[in-house]
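Note that the numbering used here has the sequence shown beginning at 13, numbered continuously upward. One structure is given below, encoded as structure tokens.
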Amino acid sequence: MRYIAKSDVWSLDMLEAELRRVGARNVKEARLLKQVFCDLDEAQAKALVQAGVELCPVDQCHTHTSSTVVVPGAVTTLPDVWYLLRSYLSPPLTGAGLTVAILDSGIRKTHQSLVGKVVYEVNTTTTASSDDLLGHGTAVASVLCGGRHAAGEFSGVAPGASIINVKVFPDAPNASTEDVIQGIEAVCEMVDEARRQGCPPTHPMHPNAINLSLGVLPETDTADHPLRVACRLARQDYGLDVIASAGNDGPDANTINVPASDPEVVAVGAVETLGELAVWEKSSRGPTQEGLVKPDLVMWGVDVEAAGNTADDAWVRVSGTSFSTPMVAGLGGLVGEALRRVYGEGVSFN
13 MRYIAKSDVW SLDMLEAELR RVGARNVKEA RLLKQVFCDL DEAQAKALVQ AGVELCPVDQ
73 CHTHTSSTVV VPGAVTTLPD VWYLLRSYLS PPLTGAGLTV AILDSGIRKT HQSLVGKVVY
133 EVNTTTTASS DDLLGHGTAV ASVLCGGRHA AGEFSGVAPG ASIINVKVFP DAPNASTEDV
193 IQGIEAVCEM VDEARRQGCP PTHPMHPNAI NLSLGVLPET DTADHPLRVA CRLARQDYGL
253 DVIASAGNDG PDANTINVPA SDPEVVAVGA VETLGELAVW EKSSRGPTQE GLVKPDLVMW
313 GVDVEAAGNT ADDAWVRVSG TSFSTPMVAG LGGLVGEALR RVYGEGVSFN
């Protein structure tokens with residue numbers, strides 16, 4: 013069985029040595045996030061727990077898409093709203109200086125709305141390509157930063173932003189928490205490298221935020237869940253805003269997914285798009301297992317226009333908290349850009 017191992021007492025090297033001592037197989041580490049992944053049999057797992065090692069079975073993450081409908085061309089209901097919002101300042105805001113790592117199913121970077129937006133790619137899965145065969149990541153990316161600032165044209169919230177394509181779904185609708193945590197690790201490594209190179213936070217190769225339009229069902233939620241721990245460290249040690257979809261498991265209470273349930277993660281729910289301002293029926297509700305009020309924010313998430321993955325001019329209409337989440341990430345970029353104009357380049361995105 014595949015496990016994630018961690019310890020609050022032992023160093024990572026000591027932990028890895030103990031895993032190898034008991035015969036752990038296929039050992040991999042996320043050094044910055046202080047976690048080790050390995051295969052163990054029942055006896056080995058029991059011995060490690062008795063020695064004080066914290067073990068958690070590798071979970072499955074799923075996307076938060078409720079529906080996808082192919083449409084013949086880009087439409088501009090929400091893009092018109094974003095255009096008006098960005099135009100309140102002169103020159104217009106675009107989200108320039110924001111770089112978001114999208115941990116998802118890959119991105120069709122040749123789509124007409126995404127050309128030139130992807131500055132780096134990481135693939136933590138066993139698939140050979142970072143391309144998007146599911147369509148989820150491409151749609152998320154376009155909602156965040158697709159298109160350009162122009163009246164009557166499709167655009168995401170922050171068309172001037174850059175994105176890092178971190179593929180964590182292996183061309184299937186489920187991803188392992190191991191692959192997601194390794195994706196977070198890769199983004200933290202990029203922050204480390206940007207700092208070493210002296211790159212400012214507005215540099216395209218300096219990630220500012222992580223978009224997680226995915227989650228684990230709340231049945232396994234604890235404060236020590238490895239995915240929550242990884243997100244907390246990304247926030248606390250690397251200054252990354254971690255923005256995650258709340259889930260599509262409403263209207264019942266106590267349905268906030270992991271990692272959106274963590275206090276350090278911005279949990280995003282969905283409301284009906286335009287029309288009556290009403291919470292979308294399927295949007296997950298709090299409180300969390302620890303009694304926290306969640307989600308933290310809500311954004312439109314029903315019948316959202318987005319780029320499709322089947323062709324460079326393909327368009328879809330999608331629903332789910334998956335697509336509310338990149339809107340919040342993009343709005344953070346617009347706010348950060350506006351604040352820098354007023355207070356200077358030292359203003360943090362966080």
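Backbone N, C-alpha and C fix where the C-beta goes; we use that ideal spot for every residue, glycine too.
- For ARG37, the uninterrupted beta strand (DSSP E) segment begins and ends at 37 to 42.
- Membership of THR333 in the alpha helix (DSSP H) is indicated by the continuous run 333 to 355.
- Look at the beta carbons and you see the stretch 115 to 126 touching the stretch 146 to 156: at least three pairs across the two are nearer than 8 Å.
- Only residues of its own chain outside the window of five on either side were considered, and among them TYR15, ILE16, ALA17, LEU52, ALA57, LEU60 and VAL61 have a CB closer than 8 Å to the CB of LEU67, listed in chain order.
- A Cβ-Cβ distance of about 16 Å is found for the pair ILE176 and VAL155, leaving them out of contact under the 8 Å criterion.
- For ILE175, the enclosing beta strand (DSSP E) has its first and last residue at 174 to 179.
- Taking all protein chains in view, the Cβ of ASN38 is surrounded by fewer than 16 other Cβ atoms within 10 Å, so the residue is classified as exposed.
- Taking the C-beta atoms as reference points, VAL169 is found nearer than 8 Å to LEU346.
- PRO185 places its beta carbon 8 Å or farther from that of HIS76.
- Cβ neighbours of GLU293 within its own chain (closer than 7 Å, five residues either side excluded): GLY262 and PRO263.
- Under the criterion of beta carbons closer than 8 Å, THR232 and PHE181 do not qualify as touching, at roughly 19 Å.
- Nearest in C-alpha terms to GLU165, of all of GLN194, SER125 and VAL130, is SER125.
- Sequence-distant Cβ neighbours of SER273 in its own chain, meaning closer than 6 Å and more than five residues away, are ASP233 and THR300.
- A direct Cα-Cα distance of roughly 37 Å separates GLY281 from GLN209.
- Within the same chain, and ignoring the five residues on either side of SER336 in sequence, the residues whose Cβ sits closer than 6 Å to its Cβ are VAL280, ALA282, MET311 and GLY313.
- Rounded to the nearest whole angstrom, the CA to CA distance from VAL70 to ASP92 is 42 Å.
- When the beta-carbon positions are compared, ILE193 and ALA242 come within less than 8 Å of each other.
- In the DSSP assignment, GLY149 falls within the unbroken alpha helix (DSSP H) covering 148 to 157.
- One alpha carbon belongs to LEU224, the other to VAL127, and they sit about 22 Å apart.
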